[in-house]
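S.K.:
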Amino acid sequence: MGSTNLEYTFNQAFFGILDGKDITFGPNGEIINSDIEKEKYPFEIEAPFHTVLDNRLTSHSTFLTGKSKVDLVVGYQNNHRTENEELTGVKKGYKYVDMTLQSLTYNLKWYAPTWNRFSTIVGSQGMYQNNTNNSGAQTVLIPDARIKDFGLFAVNKYQYQAFNFSLGARFDSRNLDTDETNGLNYTIPEISKSYNNVSGSAGIAYTIAKKLTLRSSFATGYRSPNLNELTSNGFKLESQRFEVGNANFKKEHNQQFDLNAVYANESISIEGAFFVNTIQNYIYIEPTSTTVPSNLDPTNSVPLYEFKQNKAQITGGEATLSIHPEGLKWFRLDNSFATLNGIRTDDDSYLPMMNPTKLTNTLFITLNDFGKFSSSVINLTVASTFDQNQVAKNELKTPGYSIFNLGISTSYKKQLSP
């Protein structure tokens, strides 16, 4: 006994890229738009722009086998991405990137019968991907490649009074093969890599008087290097830098410990979380403070960035406070705070490109219904980003800023005549 749902999705999108080339400043500091075609072709897509063509087919099957259940999700996706860059006299520019990614995935889960407060899920996940660079494009971002993933996992949960326990284990395997691929003024060599890993997790949650829940967990995990980190060796227009990868990178593996507390009643909701993540062979990209000739234009020197691998520790915390007084149904104030710190444990220096501390406050005011208008809400948000002074070598400090947003929403009801 069971059922199967089949879904097909098609999407084609064009994304223009704002590069600011048409914006200049006059002698008195006034902004001048020098795009002479703005009025003549107001809706025409001009280079630079991205085109994404996506076909997706998904099958979701559920089978009932006595007191257990089996879920199987199988999917196929064909993603065709192109990028056109500017070329004088040609509105559509020239083809900078043209690549097709085909993915075949499956996700199989068996929900075992509940036994003596124990619930168990056993499953397997897998993926096959094939990336192809089509002819006619100037640049190769990542090489022609094939990736094969296979995973096995089991999760067990146990409930006893106000306690919930969980225990999980997982095995992962990845095989990655690339072809020798020729880019503009450089060649990406052929590589073949295999990565295997066993990881696990354990967690506990304790609920006090149904209003306060305390959680703690410990988990290990892994991540294999991606194609960009392994094979980069050229100038990237998107980031305006020359990136160099390393084909000898090892897999990342980590150990994470986290704490979480949630309290909620009729007038207030509070949540806080803290984590410590220790990572071996952490992969990151950082500036070198030097320049090299661009492979797209050897007469132009561009910043050099290199992917690196080191031991690292990332710690962070989040807190949310929502005030919604029981006697003031029209009022709600949401507040959230998040902070992050990342260091290389070899020398305690900061990791590059870490997110700065952020604070977000949102006020919601619900108005009474009037006339044919109902569910009217006014919201005001202030999103503040703090100064980032914890920067890596050759990385610039960034000043803080705030973004204000005002929104109004409502519903209008009108009965149509028959």
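Heads up, the sequence shown is in our numbering, so the first residue is 37 and it goes up one at a time. Positions of the beta carbon are idealized from the N, C-alpha and C atoms, including for glycine.
#1: By how many angstroms is the C-alpha of Ile81 removed from the C-alpha of Glu75?
#2: Within this structure, are the beta carbons of Arg277 and Pro339 separated by less than 8 Å?
#3: Measuring alpha carbon to alpha carbon, tell me which residue in Lys272, Phe293, Gly378, Leu376 is nearest Val328.
#4: Can you tell me which of the three DSSP states Leu403 falls into?
#5: With distances taken Cα to Cα, identify the nearest neighbour of Asn114 among Val106, Asn143, Thr45.
#6: In this structure, does DSSP put Glu75 in helix, strand or coil?
#7: Are the CB atoms of Tyr147 and Ser104 within a distance shorter than 8 Å?
#8: For Leu263, does the three-state DSSP call read helix, strand or coil?
#9: For Thr381 versus Lys347, is the C-beta distance shorter than 8 Å?
#10: Taking DSSP's pairing of strands, which residues face Asp90 in a bridge?
#11: Less than 6 Å between C-beta atoms, sequence neighbours within five positions excluded: which residues of the same chain meet that for Arg259?
#12: Using the Cα positions of Asn91 and Asn152, report the straight-line distance between them to the nearest angstrom.
#13: From what residue to what residue does the beta strand (DSSP E) around Gly236 run?
#14: Out of Val106, Ser337, Glu66, point me to the one whose CA is closest to Met37's CA.
#15: Output the residue ranges of the beta strand (DSSP E) runs that lie fully inside the segment 379-451 and measure 3 residues or longer, sorted by chain position.
#16: Nearest by alpha-carbon distance to Asp185: which of Ser275, Ala173, Ile157, Leu140 is it?
#17: Of all the options Leu364, Ala309, Asp384, which has the alpha carbon lying nearest to the alpha carbon of Thr356?
#18: Taking the C-alpha atoms as reference points, what is the distance between Ser11 and Thr351?
#19: Only counting the same chain, and skipping five residues up and downstream in sequence, which positions put a Cβ closer than 6 Å to that of Ser420?
#20: Just tell me which of Gln291, Asn391, Ser445 has its CA closest to the CA of Phe422.
#21: Out of curiosity, what's the CA-to-CA distance linking Ile8 and Thr217?
#22: Leaving out five residues on either side along the sequence, give the residues of the same chain with a beta carbon under 6 Å from the beta carbon of Ser228.
#23: Span of the beta strand (DSSP E) holding Gln197?
#24: Is the Cβ-Cβ distance between Tyr386 and Val418 less than 8 Å?
#25: How about Asn465 and Tyr222: do their beta carbons lie closer than 8 Å?
#26: Within the continuous beta strand (DSSP E) that includes Ser268, where are the two ends?
#27: In chain order, what residues of the same chain have a beta carbon less than 6 Å from the beta carbon of Gly239, not counting five sequence neighbours either side?
#28: So what does DSSP say about Met163, is it helix, strand or coil?
#29: Quick one: using the 10 Å Cβ neighbour count with 16 as the cut-off for buried, is Tyr242 buried or exposed?
#30: Using 8 Å as the threshold, is the C-beta distance between Asp208 and Asn232 below it?
#31: Nearest-angstrom Cα distance between Ile444 and Glu307?
#32: Tell me, please, which residues DSSP counts as bridged to Ile321.
#33: May I have the straight-line CA-CA distance separating Tyr196 from Val158, to the nearest angstrom?
M.R.: The short version:
#1: Low per-residue confidence applies at Glu75: pLDDT is 48, beneath 50, and the placement is therefore not dependable enough to give any value.
#2: Contact: yes.
#3: Of Lys272, Phe293, Gly378, Leu376, the residue nearest in Cα terms is Lys272.
#4: Look at Leu403 here: in three-state DSSP terms it is coil, with no helix or strand label.
#5: Nearest option by C-alpha distance: Thr45.
#6: Here Glu75 scores only 48 on pLDDT, less than 50, and its place in the model is too uncertain to base an answer on.
#7: Yes, Cβ-Cβ distance for Ser104 and Tyr147 is below 8 Å.
#8: Three-state DSSP puts Leu263 in a helix.
#9: Inclusion of Thr381 and Lys347 in the CB contact set at 8 Å is warranted, their separation being smaller than that value.
#10: Note: Asp90 sits in a beta bridge opposite Asn47, Asn115.
#11: Within the same chain, Arg259 has close Cβ partners Glu288.
#12: Answer to the nearest angstrom: the Cα atoms are 45 Å apart.
#13: Boundaries of the beta strand (DSSP E) harbouring Gly236: 228-244, taken from the DSSP string.
#14: Selected option, being the one with the closest Cα: Val106.
#15: Listed in chain order, the beta strand (DSSP E) elements of length 3 or more contained wholly in the segment 379-451 are 394-402, 409-421, 437-448.
#16: The option with the nearest alpha carbon to Asp185 is Leu140.
#17: It is Ala309 whose Cα lies nearest to the Cα of Thr356.
#18: Look at the range of the chain in this structure, 37 to 454, and you will see that residue 11 is not part of it.
#19: Exclusion of the five residues before and after Ser420 leaves Leu395, Ser438 as the residues of its chain whose Cβ lies within less than 6 Å of its Cβ.
#20: Comparing Cα-Cα distances from Phe422 to each of Gln291, Asn391, Ser445, the minimum goes to Asn391.
#21: Because the chain in this structure spans residues 37 to 454, residue 8 falls outside the shown range and cannot be described.
#22: So the qualifying residues of the chain are Asp213.
#23: Careful: Gln197 lies outside any beta strand (DSSP E) and carries neither H nor E.
#24: Not in contact: Tyr386 and Val418 (Cβ atoms no closer than 8 Å).
#25: Because the chain is modelled from 37 through 454, residue 465 falls outside the range shown and cannot be assessed.
#26: That residue, Ser268, is in no beta strand (DSSP E); it is neither H nor E in DSSP.
#27: Around Gly239: Ser202, Ser253.
#28: The answer is strand: DSSP assigns Met163 an E or B state.
#29: By the neighbour-count definition (other C-beta atoms within 10 Å, threshold 16), Tyr242 is an exposed residue.
#30: Annotated as proximal: Asp208 and Asn232, with beta-carbon spacing under 8 Å.
#31: Ile444 and Glu307: Cα-Cα distance of roughly 27 Å.
#32: In the DSSP output, where bridge partners are listed per residue, Ile321 has Phe343.
#33: Spanning the two alpha carbons is a distance of roughly 22 Å.
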